[in-house]
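Below is one structure, written out as structure tokens, with a few remarks after it.
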């Protein structure tokens, strides 16, 4: 195969042939770059079934020519060969500056690659990743030590690659993925902002850069036409309302087929070192913590004050280097002795500090129960009739530039319509909440189905409301069961079709669910507040009833609705 190469000049802070930076603490690893150029080539790599995968290889260069010698390889199973993936560092290819070969691919049915996408990252793609990993390990520019990186759908791809157990895959960085696809993508049995991309038109797909040698995009056109037979992901989600749903679109019970929890033994047996990236404003943060709990000694995690796959001003490339330099190059970087979890403790909506722990949930936490009583959040249960709300299917949030970019970046907001709030007393001192708050609600509804949303909020003295975390649950799927993996002791529902139980008019139903994990300090003088609603602006495919149903949160002695809060330190 004839491959034409081009030289890209990469700005470097300094030219150095220095070795490793040595052991460093979290966030402090600053190795000197070894190269300030790279060469890039792109081409098609055929898979076992003949499907051609688009590949771009980035190699360190000196004087416009690829550097000699064999190097560690880090690669991504992405959506296009010119992209590093949603939220992945813009400078991920800058790993070439530090003596790595970076390989980017477009998964089958995406970008310039041929083939179709069956469902959302099925085992066919896992086997592709096996092939690509072993191909990369065998190249003359490779030393056989291979790593992967990705976030969001590319983070999911990383986990699927690990489950296939390619022998040369040694380390992987995976961000914002679901340990269990049903629990992660339809949290609480409710379709929200995830799992419905990438479905693209021919025109959109034709904007994808072609591989070298296909300047007319003739091959790209052929690939794009094949993509049109791919599964429509929103249709797939709607066809699988239960964990055991069989979808005719993929001819399988797809949730079980693609969930990491079902192949946990294979992930553990792979021996691949895993670094999980999460954010306190990302819907998959609890899923990442569950993955961490199920892969002891194998995985580590960082959770920042970020949205889906974002990382703010944190130098994430340096932390990736600290990880890969140790596990792919065998260097002492300090990560080998580090705590497995670093998280950012938020102090109000702005500010905070990094914390490290070897145990999650924190052994320092104390659980405090607060009861929902007539618009108040109190330490003792009441005996009222309950608080009612009329569901508003048109609930909105203030304009948000981030969520307008992608629904994956959307975050919850305080609902001002179709909701009922329960405010606690003014805090007499700062109160830290770190862990997994729980909701235990008794409800009635005038409809046989109810989607229940709850928001834990920080109310400032001026009335400004900041959502700390949120939880949600479809009432018909409220039946609890035992998780087949370490679920951190959180409520879990099997959610099979036979488990569904519609609500009965006037009959109380108990709905228990967890809020997403958080670490947040509510300041002295503020109030804690819980808001309950019947819809959320991120929800899609919601069952709608006309007229809008009435949802009642019960508060009597036999049906005391409450939340459990993981407090660190005394109650405020």
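Residue numbers (mature numbering (1 follows the signal peptide of the UniProt record, and there is no 0)): -23 to -1, 1 to 549.
Built from N, CA and C at the ideal position, the CB exists for glycine as well.
Around the beta-carbon of residue 457, fewer than 16 other beta-carbon atoms lie within 10 Å, marking it exposed. In this structure the stretch 84 to 102 does not touch the stretch 115 to 128; the number of beta carbon pairs closer than 8 angstroms is below three. Counting of Cβ neighbours within 10 angstroms places residue 40 among the exposed residues, the total staying below 16.
Taking residue 269 as reference, the option from 183, 256, 251, 420 with the minimal CA-CA separation is 251. Taking the Cβ atoms as the reference, residue 369 lies roughly 33 angstroms from residue 236, outside the contact range of under 8 angstroms.
The Cβ atoms of residue 103 and residue 31 do not sit closer than 7 angstroms to each other.
Judged by their CB atoms, residue 490 and residue 526 are not nearer to each other than the 7 angstroms cut-off.
The stretch 480 to 496 and the stretch 414 to 432 touch, with no fewer than 3 CB-CB distances between them shorter than 8 angstroms. For the set 384, 475, 520, 348, the Cα lying nearest the Cα of residue 533 is the one of 348. Counting C-beta atoms within 10 angstroms of its own C-beta, residue 441 has fewer than 16 neighbours from the protein chains shown and is therefore classed as exposed. For residue 246, there is no enclosing beta strand (DSSP E); the residue is found in the alpha helix (DSSP H) stretching over 241 to 247. In the three-state scheme derived from DSSP, where H, G and I count as helix and E and B as strand, residue 278 is classed as strand.
Counting only the Cα atoms, residue 297 lies some 34 angstroms from residue 542. Taking residue 358 as reference, the option from 535, 219, 428, 329 with the minimal CA-CA separation is 535. Membership of residue 304 in the alpha helix (DSSP H) is indicated by the continuous run 293 to 304.
Taking one beta carbon from each stretch, the stretch 389 to 407 and the stretch 497 to 513 have 3 or more pairs nearer than 8 angstroms; the two touch.
Residue 319: member of the beta strand (DSSP E) spanning 318 to 324, first to last residue. Between residue 510 and residue 414, the C-beta spacing is not below 7 angstroms. Nearest in C-alpha terms to residue 449, of all of 428, 465, 283, is 428. With contact defined as three or more Cβ pairs closer than 8 angstroms, the stretch 147 to 156 and the stretch 260 to 267 are in contact.
Residue range 195 to 204 is occupied by the alpha helix (DSSP H) that includes residue 204.
In this structure, residue 93 sits away from residue 187, with a CB-CB distance that is not shorter than 7 angstroms. The beta strand (DSSP E) runs of length 3 or more contained entirely in the stretch 467 to 510 are, from start to end of the chain, 486 to 491, 495 to 499, 504 to 510.
Within the model, the alpha-carbon separation for residue 361 versus residue 531 is close to 8 angstroms. By the criterion of at least three beta-carbon pairs nearer than 8 angstroms, the stretch 244 to 258 is in contact with the stretch 277 to 291. In this structure, the beta-carbon distance from residue 389 to residue 314 does not fall below 7 angstroms. The count of Cβ pairs closer than 8 angstroms, one atom from the stretch 219 to 226 and one from the stretch 238 to 247, stays below three, leaving the stretches out of contact. Residue state for residue 160 is assigned as helix, using DSSP reduced to three classes. Counting the other CB atoms within 10 Å of its CB gives residue 161 a total of 16 or more, which places it among the buried residues.
In terms of Cα proximity to residue 56, the closest of 42, 74, 82 is 82. In the three-state scheme derived from DSSP, where H, G and I count as helix and E and B as strand, residue 516 is classed as coil. In terms of Cβ geometry, residue 366 and residue 395 form a close pair [threshold 7 angstroms]. In terms of Cα proximity to residue 339, the closest of 471, 496, 474 is 496. Residue 170 and residue 42 have their C-alpha atoms spaced approximately 45 angstroms apart. The beta carbon of residue 455 sits closer than 8 angstroms to those of 470, 478, 486, 487, 488, 489, all from its chain and outside the five residues before and after it, given in chain order.
DSSP links residue 20 through a beta bridge to 32.
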